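Q: Going by UniProt numbering, the residue at position 236 of the sequence shown is 236; the numbering climbs one at a time, nothing skipped.
Beta carbons are placed, not taken as given, at the ideal position from N, Cα and C, and that holds for glycine.
Model, not experiment: these values are computed from the prediction.
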Amino acid sequence: MATLLYRLGRGALRRRRLVVALWLVVLVVAGLAAATLRGPTASNFTMPGTESQRALDLLADQFPAASGATGTITVKAPADGQLATPQGQAVVQELVQQASTLPGVVGAVNPLQVGAVSPNGRYALVQVQFATGGDDVTDEQRTAYEQVGAAAKAQGWQVAPGGEVLGGEPEIGSTEALGVLVAAIVLIITFGSLVAAGMTMLNALIGVGAGMAGLFALSGVVQLTSTAPILALMLGLAVGIDYSLFITSRHRQNLLDGLSPEEAVGRAVGTAGSAVVFAGATVVIALAGLAVVNIPFLTVMGLAAAGTVTVAVLVAITLQPALLGFAGRRVLPRRLRAVPTDGTAAQEDDADVTDRPAAATTPTTDDRNGFGFRWARLITRFRVPVILVGLLGLGLLALPTPDMRLALPGAATAAVGSPARVANDLTVEGFGAGFTGRLAVVVAGDTPQATAAAVPQVTALLQRTENVLAVAPPQLSPDGRTALLGVVPKTGPTDEATETLVHDIRGAVSGIPDADVLLTGVTAIGIDVSEKLSDALPIYLLLVVGLSVLLLMLVFRSLLVPVKAALGFLLTVAATFGITVAVFQQGHLADLVGLDTPGPLISFLPILLIGILFGLAMDYEVFLVSRMREDFVHGETARQATISGMGHGARVVTAAALIMMSVFGGFVFLEDPVIKSMGFALAIGVAIDAFVVRMTIVPAVMSLLGDRAWWLPRWLDRALPNVDIEGEGLRTHLEDRTPTRV
C-alpha cells in the first residue's frame, strides 16, 4: 500500500492543477446538490420492534387525527383561584381560541372543560394538536406557536408554550469557530510557517465542506437525525486537520533531508499517508459497525460521520500533495528554506518545483535533546512507577462509570431560559414532575366488545400500580376496537422510579385476556431506546476491541502490542465515561462547561464514543509505535527504539491531539446539552488517550516488554497478509532507484 500511495502522491503533485480543479468541481457540485436536494432532519428517535414503537404505529392507524405533533401550553394566573373567575375564564378562552387558529394546528383543548387545572386554580394546561409530525412542522409554524398568548402576558399572566413540537435542529453558531481558531494557532506554532498552517487548514476545510455538502444532498432521500450533521462536522474537521498535519509534517522533514519537493511529497504520502489511510479506515469501520446494533437512527449517524471521515482521507492523500506542490519549500520556516549555492535568493516558481532539486543545505539531524526524547528517557527509566501511577489515576477517574444512567434528551435538561425549559419548569411548579413525562396505554382488541371489557381491567390495574398519580378516562377509536388511556406518574421522565413504573405497568397488564395492551409515550420510548442501547454496548465493545487486536496484529506483526493497545483503549473509555458522568450526570464542575442542569447522559453517547475513540486511539498508536518497530527492525535495542519512536512522534501527536481537543471542545460552548456532552466527552477522551495512555503508559509498557513486544509465532506471521503500513516495501522500491538529493 505504501508504494501505491507513494506513486499517488507524486502523481497528484505533478498534476496539481488538475487535482485542485477536480476537487473544486466536487465541492461546487456537492454544494449545489445540497442546496437543491436537502431534506429536513428528524428530532425524534424511533426504535422499530419495541413495544412503545408498535403502540405509536397503532395509534397512527387508529387515531389519525391525533398522529401529528402535540404541544402543551402552560398557563399561570397572577393569583390562586383566578382561573375560576369570569375574568380568568375569559383569558383562557381567548388563549385557546388563538392557539386553535395557529397555522398547522388542528385544534386546542380548553383546560377548563377537561379539568386540566391545578388544585389551587392558578395553573392550566392547554393541549394543542398539530396536523403533521414534529419534523414536518415549519419554522414559521413553530415561531407562531412560541409567540401565542401575547394578550394574556400583557395582563400579567405567564404563558409558556412547550411540548414535542418545540424539538428542532441544534444551531451551529460562532462558538465552535473558537475551536478551529485554536487549531490554526496550534498549526502555526507546530510548523513555524503561515503557509504550511494555512494550507493544512484550507485542505481540511475543503474536505469537510465537500463531505457536509454531500451529506446534506443525501438528506433528501435518507432521513437524518438532527445530531447526525453535527457529529459529522465535528469529526470531519478534527480528522481532516489531523490527517493533513501528519502528511505535511513528514513532507517537511523529507525536504529538510534534502529531497526534491516531488520526492518528498511522494514519500510523505507513502509513509504518513499509509498511517492516515489505516487510521481513517479504523474510524470508518468502527462507525459503520454501529449498524450491527440494528438501531436505524444510530446507523444513520454512524454512516454520516463515516462518510465525512472518508472524504477527509481522500482529500489528505490527493489534494494535500497538490497543494504542497504549489507551496514548494515555503512550507518550511523562512530560516530553513533553501538558499542556492550562488547566494542569491531562492525563487519559488511553482512551475518548476516538481523537477527542481533541493538547495544546498545540510540535511538536518535528529535533535535528541528535544522534549519528546527527554520525556521518553524519563518514562523508560521509571517505567514501573509510571505504569502503576497511570493505572491508578485512570482507575480513580473511572470510578463514577458504574453509576452511569442513560436517557433521551428532555425539556428538564434544556438550557435555562429556552422555551422548552420555561414550559417544563412551569408545569412542574403547578402540577408536579409527573405531568412532564406522561405515559400512554393502548388497549387493542379484536372486537369493540373485547376492548370494552378490557379497558376497566386495565384501568383498575393502573390505579393500583405504585407511583401512578392519575389515570385519564379512555378515548376510543372510531371503530371502538382501540382505546387510549393517559397515565400520569408521580415522578419525572428521567427519574429511576419512572423507569421502574414502566416495567411495573407492562408486567401488570400483560395478562389481560382477548386484548393487546401496549405502553408508549415519549418517556417510554426513551426508556426502551436506552435499554436497547445498553444491551448492545457490551457486544459493540467486544467487536471494537477484537477488531483493534486484529488490525494492529496486521500492522505490527506482534501479539503483545495489539493486546496492550486494546487494554489501553479500554482504560481510555472507562476514564472518559467516569469524567463525563461526574460532570454531566452528577454535576461536579458543571458550571465550567456551562451546564445548567445535570441529568442522565444521552442514550447513544457511550456507544458512539467507543466507535470514535477507537479510531482516534489507533491513529496515535500507529503513529508512535510504527516508528518504534521501524527502528527496532533496523537494529536498535527495544529501549532505544521506544525512545526514538517517542522522540520523533511526540511533537506531531501532541499537535494532533491539541487540534482534536480544540475542535471537539468548541462544541462544548453550544447550548444544546446533547452536543455539549458529545464535544466534552470526545475532547476528554482524546486528551486521556493521547497524553496519558499513548505517550506515557505505552512507552513504559513497551520498554518493560523489551524484545518480547515484537514476538509473533511463525505460523501466524505466514498466515497474516502484509499490509505494509510502515512502508518497508516502499524502502525496498526506493533502494532500486536514486532519489533526487543534493
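1) From which residue to which residue does the alpha helix (DSSP H) around glycine 68 run?
2) Using only the alpha-carbon positions, how far apart do alanine 291 and valine 91 sit?
3) If you measure between the beta carbons of serine 548 and serine 603, is that distance less than 8 Å?
4) Touching or not, the stretch 328-336 and the stretch 183-200, by the rule of three or more beta carbon pairs under 8 Å?
5) Over the uninterrupted alpha helix (DSSP H) stretch that includes glycine 236, give me the two end residues.
6) Looking only at its chain, what residues have a beta carbon closer than 6 Å to the beta carbon of alanine 483, apart from the 5 residues adjacent to it on each side?
7) When we look at the beta-carbon of phenylalanine 371 and count the other beta-carbons within 10 Å, is it buried (16 or more) or exposed?
8) Measure the C-alpha to C-alpha separation of serine 534 and leucine 408 and round it to an integer number of angstroms.
9) In chain order, what residues of the same chain have a beta carbon less than 8 Å from the beta carbon of alanine 288, not counting five sequence neighbours either side?
10) Here's a check: name, in chain order, each residue in its chain whose Cβ is nearer than 8 Å to the Cβ of valine 300, leaving out the five neighbours to either side.
11) Would you decide whether valine 284 is buried or exposed? Buried here means 16 or more other CB atoms lie within 10 Å of its CB.
12) Which residues in the same chain have their Cβ closer than 7 Å to the Cβ of alanine 30, if we skip the five residues on either side of it in sequence?
13) Leucine 704 to threonine 380, Cα distance in whole Å?
14) Around the C-beta of tryptophan 715, are 16 or more other C-beta atoms found within 10 angstroms, so that it is buried, or is it exposed?
15) Along the chain, which unbroken stretches of the alpha helix (DSSP H) at least 4 residues long are found entirely within the stretch 568-602?
16) Report all residues from its chain with a CB closer than 7 Å to the CB of threonine 200; omit the five preceding and five following residues, and keep chain order.
17) Anyone know if the C-beta pair for isoleucine 527 and valine 293 falls short of 8 Å?
18) Output the boundary residues of the alpha helix (DSSP H) element that contains phenylalanine 278.
19) In whole angstroms, what separates the C-alpha of alanine 412 from that of glycine 594?
20) For valine 471, which residues from the same chain have a beta carbon less than 8 Å from its beta carbon, with the 5 sequence-adjacent residues on both sides left out?
21) Would you identify the three-state DSSP class for lysine 676, choosing helix, strand or coil?
22) Methionine 646 and leucine 624 look like a contact to me (Cβ under 8 Å); what is the Cβ gap, rounded to whole Å?
23) Assign proline 340 to one of three DSSP states: helix, strand, or coil.
24) DSSP three-state call for residue 743: helix, strand or coil?
25) With a threshold of 8 Å, are at least 3 pairs of Cβ atoms found where one atom belongs to the stretch 692-709 and the other to the stretch 381-393?
26) Would a C-beta distance cut-off of 8 Å place phenylalanine 431 and threonine 580 closer than the cut-off?
27) Quick check: arginine 122 and aspartate 80, are their CB atoms within less than 8 Å of each other?
28) Output the distance between the C-alpha atoms of glycine 270 and glutamate 263, rounded to the nearest integer angstrom.
29) Taking contact to mean at least 3 C-beta pairs separated by less than 8 Å, is the stretch 629-647 in contact with the stretch 130-145?
30) State buried or exposed for aspartate 349, treating a residue as buried only when at least 16 other CB atoms are found within 10 Å of its CB.
31) Rounded C-beta distance between leucine 95 and valine 117? I'm assuming under 8 Å.
32) Jot down the residue ranges of each uninterrupted beta strand (DSSP E) in the stretch 505-533, minimum 3 residues, whole runs only, in chain order.
33) Tell me, which residues are paired with lysine 76 by DSSP?
34) Exposed or buried, leucine 426, counting other C-beta atoms within 10 Å across all chains shown (16 or more means buried)?
35) Leucine 13 and leucine 324: beta carbons closer than 8 Å?
36) Out of Ala196, Ala131, Leu125, Val180, which has the shortest C-alpha to C-alpha gap to glycine 162?
A: If we stick to the structure as given:
1) By 1-based counting over the sequence shown, the position of residue 68 is 68. That residue, glycine 68, is in no alpha helix (DSSP H); it is neither H nor E in DSSP.
2) Within the sequence shown, numbered from 1, the residue matching residue 291 stands at position 291. Within the sequence shown, numbered from 1, the residue matching residue 91 stands at position 91. C-alpha separation (whole angstroms): 52 Å.
3) Locating residue 548 in the sequence shown gives position 548, where the first residue counts as 1. Locating residue 603 in the sequence shown gives position 603, where the first residue counts as 1. 8 Å or more divides the Cβ of serine 548 from the Cβ of serine 603.
4) yes
5) Along the sequence shown, one-based indexing puts residue 236 at 236. Counting along the chain, the alpha helix (DSSP H) containing glycine 236 begins and ends at 228-256.
6) Counting from 1 along the sequence shown, the entry for residue 483 is found at position 483. Taken in chain order, the residues that qualify are Val443, Thr451, Val455, Pro474, Leu476.
7) Within the sequence shown, numbered from 1, the residue matching residue 371 stands at position 371. The residue in question, phenylalanine 371, is exposed, as its Cβ has fewer than 16 Cβ neighbours within 10 Å.
8) Along the sequence shown, one-based indexing puts residue 534 at 534. Along the sequence shown, one-based indexing puts residue 408 at 408. Each residue's alpha carbon lies about 13 Å from the other.
9) Looking up residue 288 in the sequence shown gives position 288. Excluding sequence neighbours, alanine 288 sits near Gly302, Leu303, Ala306.
10) Here residue 300 is taken as the residue at index 300 of the sequence shown, counted from 1. Counting only Cβ-Cβ distances below 8 Å, and skipping sequence neighbours, we find Val222, Gln223, Leu224, Thr225, Ala228.
11) For this step, residue 284 is matched to residue 284 along the sequence shown. With 16 or more Cβ atoms within 10 Å of its Cβ, valine 284 is classed as buried.
12) As a position in the sequence shown, residue 30 is number 30, starting the count at 1. So the list reads Ala210, Ala213, Gly214, Ala217, once near-sequence residues are dropped.
13) As a first step, residue 704 must be located in the sequence shown, where it is residue number 704. As a first step, residue 380 must be located in the sequence shown, where it is residue number 380. When rounded, the distance between both Cα atoms is 8 Å.
14) Counting from 1 along the sequence shown, the entry for residue 715 is found at position 715. By the C-beta density criterion, tryptophan 715 is exposed, having fewer than 16 other C-beta atoms within 10 angstroms.
15) DSSP runs (the alpha helix (DSSP H)) wholly in the stretch 568-602: none.
16) For the purposes of this step, residue 200 is taken as residue 200 along the sequence shown, with counting starting at 1. For threonine 200, where only same-chain residues beyond five positions count, the Cβ hits under 7 Å are Leu187, Ile241, Ser244, Leu245, Thr248.
17) Reading the sequence shown from its first residue, position 527 is the one you call residue 527. Reading the sequence shown from its first residue, position 293 is the one you call residue 293. If you check the CB distance, isoleucine 527 and valine 293 do not come in under 8 Å.
18) Taking the first residue of the sequence shown as position 1, residue 278 is located at position 278. Phenylalanine 278 -> alpha helix (DSSP H) spans 261-288.
19) For the purposes of this step, residue 412 is taken as residue 412 along the sequence shown, with counting starting at 1. For the purposes of this step, residue 594 is taken as residue 594 along the sequence shown, with counting starting at 1. Going from the Cα of alanine 412 to the Cα of glycine 594 covers about 16 Å.
20) Within the sequence shown, the letter at position 471 stands for residue 471. The residues are Thr459, Leu462, Gln463, Leu485, Gly486, Val487, Val488.
21) Within the sequence shown, numbered from 1, the residue matching residue 676 stands at position 676. In the structure shown, lysine 676 sits in a helix (DSSP, three-state: H, G or I).
22) Walking along the sequence shown from the start, residue 646 turns up at place 646. Walking along the sequence shown from the start, residue 624 turns up at place 624. 7 Å between Cβ atoms; contact.
23) The count along the sequence shown starts at 1 and reaches residue 340 at position 340. At proline 340, the pLDDT of 43 sits below 50, so the modelled position is not reliable; the number obtained from the coordinates is stated separately. Coil, per DSSP.
24) The structure shown does not extend to residue 743, since the chain spans only 1 to 742, so no value can be given for it.
25) yes
26) By 1-based counting over the sequence shown, the position of residue 431 is 431. By 1-based counting over the sequence shown, the position of residue 580 is 580. It is not a contact, given that the beta carbons lie outside the stated cut-off.
27) Your numbering for residue 122 matches position 122 in the sequence shown. Your numbering for residue 80 matches position 80 in the sequence shown. Contact flag set, yes.
28) On the sequence shown, position 270 is the one that residue 270 refers to. On the sequence shown, position 263 is the one that residue 263 refers to. Their backbone Cα atoms lie some 10 Å apart in a straight line.
29) Using a Cβ-Cβ distance cut-off of 8 Å, the stretch 629-647 and the stretch 130-145 are not in contact, since fewer than three pairs of beta carbons, one from each stretch, lie closer than that value.
30) Reading the sequence shown from its first residue, position 349 is the one you call residue 349. Because the pLDDT at aspartate 349 is just 42, under 50, the model does not fix this residue reliably, and the point stays unresolved.
31) Within the sequence shown, residue 95 is the residue found at index 95, counting from 1. Within the sequence shown, residue 117 is the residue found at index 117, counting from 1. With 8 Å as the limit, leucine 95 and valine 117 do not qualify as a contact, their Cβ atoms being about 13 Å apart.
32) 515-520
33) Position 76 of the sequence shown, counted from the first residue, corresponds to residue 76. Per DSSP, Tyr123, Gln158.
34) For the purposes of this step, residue 426 is identified with residue 426 of the sequence shown, where counting begins at 1. With 16 or more Cβ atoms within 10 Å of its Cβ, leucine 426 is classed as buried.
35) In the sequence shown, the residue the question calls residue 13 occupies position 13. In the sequence shown, the residue the question calls residue 324 occupies position 324. Yes, Cβ-Cβ distance for leucine 13 and leucine 324 is below 8 Å.
36) As a first step, residue 162 is located in the sequence shown; it is residue number 162 there, counting from the start. Minimum Cα distance to glycine 162 is reached at Leu125.
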